[in-house]
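Before any comments, here is the structure.
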Amino acid sequence: MSSMNLKGTKFQLKVWNYLKKIPKGKVKTYLEVAKAIRKPKAFRAVANAAGKNPYPPKIPCHRVIRSDGGIGGYSGKGGILEKRRLLKSENVFIK
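In our numbering, the protein residues as written are 7 to 101.
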């Protein structure tokens with residue numbers, strides 16, 4: 007799935023493309039994603055972009071959590087319960 011198939015802002019595309027690089031069994035915080043895309047103060051915008059992800063879980067926004075270790079949101083079908091299920095299936099357990 008290339009960024010050519012995705013429709014979003016330049017920022018959203020940058021976030022979504024980064025999310026695709028997070029391997030199964032790993033999580034990043036919204037802040038870590040913001041720093042990785044060279045927008046260290048944009049962690050809330052990263053969360054918003056993850057929330058607008060058109061292809062969860064293919065673009066694995068479920069692998070992004072809050073800096074305090076909380077699960078954060080999930081806009082995919084099933085909401086936070088589905089995010090927990092997806093993470094559990096990857097052997098990741100969040101409080």
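All C-beta atoms in this analysis are idealised placements derived from N, C-alpha and C, irrespective of residue type, glycine included. Keep in mind it's a predicted model, so treat the numbers as computed, not measured.
Rounded to the nearest angstrom, what separates residue i and residue j at their Cα positions?
i: K45; j: Y36; result: 11 angstroms
i: V52; j: C67; result: 10 angstroms
i: P60; j: G76; result: 23 angstroms
i: K41; j: K47; result: 8 angstroms
i: N11; j: I100; result: 32 angstroms
i: E38; j: N54; result: 15 angstroms
i: N23; j: A56; result: 11 angstroms
i: I28; j: G82; result: 17 angstroms
i: V98; j: K26; result: 17 angstroms
Which residue marks the beginning of the alpha helix (DSSP H) containing residue i, and which one marks its end?
i: Y80; result: Per DSSP, Y80 belongs to no alpha helix (DSSP H) and is neither H nor E.
i: G57; result: 49-57
i: F17; result: 16-25
i: V39; result: 36-42
Is it buried or exposed for residue i, if we count other Cβ within 10 angstroms and need 16 for buried?
i: K94; result: exposed
i: K13; result: exposed
i: K20; result: buried
i: G84; result: exposed
i: L92; result: buried
Taking residue i and residue j to be in contact with their CB atoms under 8 angstroms, please state how far apart those CB atoms are, rounded to whole angstroms.
i: K30; j: E96; result: 5 angstroms
i: Q18; j: K58; result: 6 angstroms
i: V70; j: K16; result: Going by Cβ atoms, the distance from V70 to K16 rounds to 19 angstroms, so no, they are not a contact pair.
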